[in-house]
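Peer 1: Provided herewith is a single structure, encoded as structure tokens, for subsequent inquiry.
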Amino acid sequence: MEVSKEYAVQMHGITKLFGTFRALDNVNLDVKKGSIHAILGENGAGKSTLMNVLYGLYQADAGEIYLNGEKVVIKNPNVAIEHGIGMVHQHFMLVDNFTVTQNIILGTEVTSRFGVLDMKKAREEILNIVKKYGLEVDPDAKIEDISVGMQQRVEILKALYRGAEILILDEPTAVLTPQEIEELISIMHSLIEDGKTIIIITHKLKEIKASSDVCTIIRRGQYIDTVPVADVDEEELATKMVGHAVKLVVDKTPAKPGDVVFEIDHLTVKDDRGLEAVKDLSLKVRKGEIVGIAGVDGNGQKELVEAITCLTRSESGTIKINGTEIQNTTPRNVIEHKVSTIHEDRQRRGLVLPFTVAENMVIEKYRTPEFKRHGMQNREKAQEYTKKLIQDYDIRPAGCENQPVRGLSGGNQQKVIIAREVSNDPDLLIAVQPTRGLDVGAIEYVHKTLVRERDAGKAILLISLELDEVMNVSDTIDVIYDGTIVAEYKQGEVDENTIGLLMAGGKQNENAVQNT
Amino acid sequence: MLSKFLLLIGITLMYSTPLVFGALGGVISERSGVVNIGIEGMMTMGAFTAAAVSYYTGNPWIGLLAAGGAGVAIALLHAIASVTFKADQNVSGIAINLIGPGFALFFCRLLFKNATTTPPVQTLPKLFGNNAFNGTPVENLNVDITVILGLIVTAIMWFYLYKTKWGLRIRSVGEHPAAADTLGINVSRTRFLCVLASGMLAGFGGASMTLAIISQFNPTAISGQGFIALAAVIFGKWTPFGAYGACLLFGLAQALTVVLGGSDSGINVPSQILAMLPYVLTIIVLILFVGRSVAPKEDGIPYEKGVR
Amino acid sequence: MKMLSKILKKQITSTIIALLFGFLVAAIVLAIAGYNPGQAFGALFKGMLSKPKYISNVIIKATPIILTGLSVAFAFKTGLFNIGAEGQYVAGSIAAVLVGVKLNLPAVIQVPLVVLAGVLGGMVFGSVVGFLKAKFGIHEVITSIMLNWISLYLSNFIVSSQAYHLPNSTSTYPVNESSYTMILPKWKTSDAGMAALKPNKWLYEMMLKTDVNVGIVIAILMAVVIWVLLYRSNKGYELRAVGFNRDAAEFAGINVNRNIVQAMLIAGALSGLAGALSITGIAPHKISTLAAFENYGFNGLSVAMIAGSSPIGCVFAGLLFGGLLYGGQSVQQEVGAPTEIINIMIGTIVFFVALTKVVPALAERLEKRGVGHAQ
């Protein structure tokens, strides 16, 4: 495509190597001024790398960048900022114990004389932008005290404060409720009206349809296609993204629930700051059933999981597995009562990264007679056992039992955890965000495994921030809001909007009224 | 009674001052995300350089400046290792603690006929002149000029860290270097400079021992002050005035042992047990008040671009 | 290219590079100061290895720092930074003196009792650090620093206490002879012993001129024990899991707090053992008033760092370190250069150990670049 002033951004023939790995291979991107342009691709396809090149965080090994028809070299983020490029990273780049204002001005501080900060003036300037685009946020609040949606606004404000004309949003909806997503989209539109250009990185097809004008698809570092969003449907986009036809729905037969295996009764849990995060929460999971909990991050999911696994104290209420109370015992006791947990934070809670795959595989079993001999580890046994699981769960590379788990890809690390937890033969399997950061193939695999275990008669509790996942996989859908279950539905009885409203704190009946 | 009280204050201030400089050095370095357990070695270098330069020039102020320079020189090693090469900061710090005293004593023997002590040197003046209020109880409050310098530097650092743009940047680099990086702040340069500043302050700390308190350098001039300063940083929750307060507490405890330990005090406690007090006290205070410490989030972790 | 990167990846290569730099920097400093580096290093090695007596003394000097090195290395592998080895060492020597002076039993009972007392002393100091970290979350570095000082003044207190103070001296009474761990201390000075040793010049000099003791055997044994504990036992598996990732270990049902206390307990025991063996194995078999630390524990830090925290590596690093410390004295005697050159040298080695941690990473990059070009 030729270089023209009509385009805010043109990246031609971009190649980026990490060692021998070609993260980007001759990728093109042309973004019209005043448009919302989506970049679609799976995790690891190279979307973020491409944007990091545009933002000057990485240097391309080949290729050219043009802004408004002019060739530019973007050596570092400072240059990008000077050219009016702003970026909102997927993992927010905010200093937790700084205020909103401090975070926004960092790097381009308003000072009076001698580098002394002029916080009053900075605050005023920020409030002006806040008003202009309807980005309500308290400039004096500390980041650690505000919601994720608010934090995202701070990130957008950061870019606007620096005079950004081109705004890059990296997976902006990953942590938002459907309502927050709608608000974000309307903010995006008000920015477009003001003449800004927006590039949005995502792997969520629905949002592309809802927000964008044009979509560029990247697969494994290769440029695939650029299409007007209005002309394609979600299936077509998905096929282009993955490279072959994909099923967007999880294949499963109706559940045949048995007896109640797991029961939480009037549970209250406090968070690190001593506030009640889980309030009087009750739920039940039966044999052969997947119960999914939908909710926005920070509504007590974390504390609920910690209470069940006895990482934190329960203030009141009971948690029963097979009729035995397990609350306020030890993590070990919970595991011994046949509760297995796939934790959302693979690297922090799930794995000991420097340990080998085999060492990770036995981390809950090393103390059982099967894996020890007179206080020594039975290493042969552990390896044998791991080899079998590597085979059964197709963990790659094959024969990795003695390699550090750190060297495995995210998907394979997750398989290690799933293999370990499922092979515990638990009565209750808790899966918290089990597909976070995985690509489509791996997600399909995880969902299949959950359904398979359900069909094998296990009780499964799925907690996820991805509403689609909860809707598709669960037999029973619970909605958590402000630390308590506010509604329960059978799969198919409810639509996404209703759940979305409940997740955001809407009342059930108001909801019913709105829906009719 | 009054004179004893004033004596206590005077000694407290005297003993706390080298610690204050050392601890401020720790604060600035750790706020930027570099753990500096090499303060001890940097202080020893400063202590020797101050004494030697003051001896040869006859001017303690030049000695003080030279001590800062020597601190920077040795801090350069720590900065190169921990910032440029992203090496293990603890290992590098341990090396500094061997190299600093090694160099100090090596050159001491070289310059002063194989002796490990320097001759007595010209010291820095007292606050109100060297002989003011002599013979009156108020004499005890005529403290070394370094005491006041320590307080001033603490105030300046507080202002710098919390009220200026550079301070905001330093703190952001210690808390979330990736965020700072995306905003165009040079993480490595910031950390590098903070480590050098840390060395300069530690050098001053060493100087305030040999140019004010003992007026010569000897092998035990700096014996553990650097580590106490490190403790004061943690104790003071990585803030300048917090660290200052912690240093005062150590100074007070030491002063108590001096004042109470005197033969005429009438208190019959073995001096060794008294000497233990500051350290026992610190542990007790930590148990009672501090709890889980709140280090800068990325303290001690080398920053790698593109790794999140 | 492949060969090169393979060699660079080996840890021993990094260590050797660091050693070379240590000597290089020391040579430069010596040359600048006007000494002949060749002569100085000659004196150093002569003072280390040229006589059986020297070799024996190097080993004796190395024994305690191998053990304190092990203490630091072990703690490091469990995620703890044991800067308190110094205090644990002092605590061990205090406890050994307390028991060894008061008790006088047959050696078969006395020796284990005295050594065990030292181990217990170190354990108490170590476990306090672990307990405060586990229970109150107080950083182990800060408590360790405080306990180092407490141990020093405690030691001085014991020295000056009436029950232990040797009149007209700055030390305690020595421990009773039944506590000694030298090899055949009585026999070797007896006529029969001297006669038996005389034919063998080596043995004669070693045995009669130095405090040859069983310490080194115990130190090596402990290195093996610690290796087995860490890498083959179930306890070691737990300890390492907690060390690498406390959160994951907790989640998997491992009692994190208990493991922290146990790790510090074992680390303290090793340093305490070092202190006890110094008392029982080396003259003057007593503690003296300390004006400053003797650095047995702090040297252990350097040993552990040079060894890359490998338990077996600590034996070699300790011997090297002991050799440099002991041989360094000859540098001053023979060449006139200040012995502190040894501290500069050791510091430089540790410094480059820190730097050379990046060598394997460099090798990896080299490898990748090579492959990249090939493609």
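Residue numbers (our numbering), protein chains in the order written: chain X, 21 to 536; chain D, 3 to 310; chain C, 535 to 909. The beta carbon of each residue, even a glycine, is placed where N, CA and C say it ideally should be. Predicted, not measured: the structure shown is a model, and the values here were computed from it.
Please determine if the region 49-56 of chain X and the region 208-225 of chain X are in contact, where contact requires at least 3 C-beta pairs separated by less than 8 Å.
Peer 2: The region 49-56 of chain X vs the region 208-225 of chain X: in contact.
Peer 1: Terminal residues of the continuous alpha helix (DSSP H) containing H209(X)?
Peer 2: Start and end: P198 to E213.
Peer 1: So is L554(C) in contact with chain D if we call contact Cβ pairs under 9 Å?
Peer 2: no
Peer 1: Taking 9 Å as the CB-CB cut-off, is N877(C) touching chain D?
Peer 2: yes
Peer 1: Does the beta carbon of N734(C) come closer than 9 Å to any beta carbon on chain D?
Peer 2: Closer than 9 Å: no.
Peer 1: Run the CB neighbour count on H209(X), radius 10 Å, all protein chains shown included, and call it buried at 16 or more, exposed below.
Peer 2: exposed
Peer 1: According to the Cβ coordinates, are A43(X) and G241(X) closer than 9 Å?
Peer 2: In this structure, the beta-carbon distance from A43(X) to G241(X) falls below 9 Å.
Peer 1: Which word fits G461(X), buried or exposed, when buried means at least 16 other C-beta atoms lie within 10 angstroms of its C-beta?
Peer 2: exposed
Peer 1: Using a Cβ cut-off of 8 Å, which residues of the region 76-104 of chain X contact any Cβ in chain D, in chain order?
Peer 2: Within the region 76-104 of chain X, the qualifying residues are L77, Y78, N96, P97, N98 and I101.
Peer 1: Quick one: which residues of the region 813-844 of chain C get their C-beta closer than 7 Å to a C-beta of chain X? List them in chain order.
Peer 2: Correct list: empty, as no residue qualifies.
Peer 1: State the start and end residues of the unbroken alpha helix (DSSP H) segment that holds G207(D).
Peer 2: V189 to S210
Peer 1: Helix, strand or coil: how does DSSP classify Q909(C) here?
Peer 2: Reliability of the predicted coordinates at Q909(C) is poor, the pLDDT of 35 falling under 50, and the value obtained from them is presented with this limitation in mind. Three-state DSSP puts Q909(C) in coil, outside helix and strand.
Peer 1: Please report the straight-line C-alpha distance between G503(X) and A314(X), rounded to a whole angstrom.
Peer 2: 12 Å
Peer 1: Where DSSP assigns a beta bridge to L481(X), which residues make up the other side?
Peer 2: In the DSSP secondary-structure assignment, L481(X) is bridged to V311(X) and I450(X).
Peer 1: Nearest CA to the CA of V195(X): which residue from Q433(X), L485(X) and V115(X)?
Peer 2: L485(X)
Peer 1: So A418(X) packs on V305(X), CB below 8 Å; how close in whole Å?
Peer 2: With a Cβ gap of about 35 Å, A418(X) and V305(X) do not count as contacting.
Peer 1: Kindly provide the ranges of any alpha helix (DSSP H) runs that are 4 or more residues long and lie completely inside the region 610-654 of chain C, ordered along the chain.
Peer 2: 619-636
Peer 1: Closest Cβ-Cβ distance between L666(C) and chain D: below 9 Å?
Peer 2: yes
Peer 1: Could you compute how far the alpha carbon of I59(X) sits from the alpha carbon of L74(X)?
Peer 2: 13 Å
Peer 1: Less than 9 Å separating the beta-carbons of I230(D) and I821(C)?
Peer 2: no
Peer 1: Hey, is the region 45-57 of chain D in contact with the region 207-218 of chain D, meaning 3+ C-beta pairs nearer than 8 Å?
Peer 2: yes
Peer 1: Within the 9 Å Cβ cut-off, does N63(X) reach chain D?
Peer 2: no
Peer 1: Using a beta-carbon distance cut-off of less than 8 Å, what residues from the region 557-589 of chain C approach chain X?
Peer 2: Under the 8 Å Cβ criterion, the region 557-589 of chain C contributes no residue.
Peer 1: Do you know how far the Cα of F252(D) is from the Cα of V648(C)?
Peer 2: 35 Å
Peer 1: Going by alpha carbons, who is nearest to T455(X) out of E384(X), M113(X), Q433(X) and G33(X)?
Peer 2: Q433(X)
Peer 1: Going by beta carbon distance, what residues of the same chain come within less than 8 Å of K6(D), once the five residues before and after it are set aside?
Peer 2: V261
Peer 1: Is the region 185-202 of chain D touching the region 22-32 of chain D in the sense that three or more CB pairs, one from each, lie closer than 8 Å?
Peer 2: yes
Peer 1: Less than 9 Å between the C-beta atoms of T715(C) and G815(C), yes or no?
Peer 2: yes
Peer 1: Look at the alpha carbon of N779(C) and the alpha carbon of F608(C), and state the distance between them as a whole number of angstroms.
Peer 2: 16 Å
Peer 1: Would you check if there are 3 or more beta carbon pairs closer than 8 Å linking the region 279-292 of chain D to the region 164-173 of chain D?
Peer 2: no
Peer 1: On the CB-based measure, 16 or more other CB atoms within 10 Å of its CB, does E144(X) come out buried or exposed?
Peer 2: exposed
Peer 1: Does the beta-carbon of K151(X) have 16 or more other beta-carbons within 10 angstroms, so that it is buried, or is it exposed?
Peer 2: Answer is exposed; the Cβ neighbour count stays below 16.
Peer 1: Could you list the residues in the region 756-773 of chain C with a C-beta less than 9 Å from some C-beta on chain X, going in chain order?
Peer 2: V762, Y765, R766, S767, N768, K769, G770, Y771 and E772
Peer 1: Output needed in chain order: residues of the region 344-364 of chain X with a Cβ under 9 Å from some Cβ in chain C.
Peer 2: T350, P351, R352, N353, V354, I355, E356, T361 and H363
Peer 1: Provide the residue span of the beta strand (DSSP E) that contains Q347(X), from first to last.
Peer 2: Annotation for Q347(X): no beta strand (DSSP E) segment contains it, and DSSP assigns it neither H nor E.
Peer 1: Assign T723(C) to buried or exposed, taking buried as 16 or more other Cβ atoms, counted over all protein chains shown, within 10 Å of its Cβ.
Peer 2: exposed
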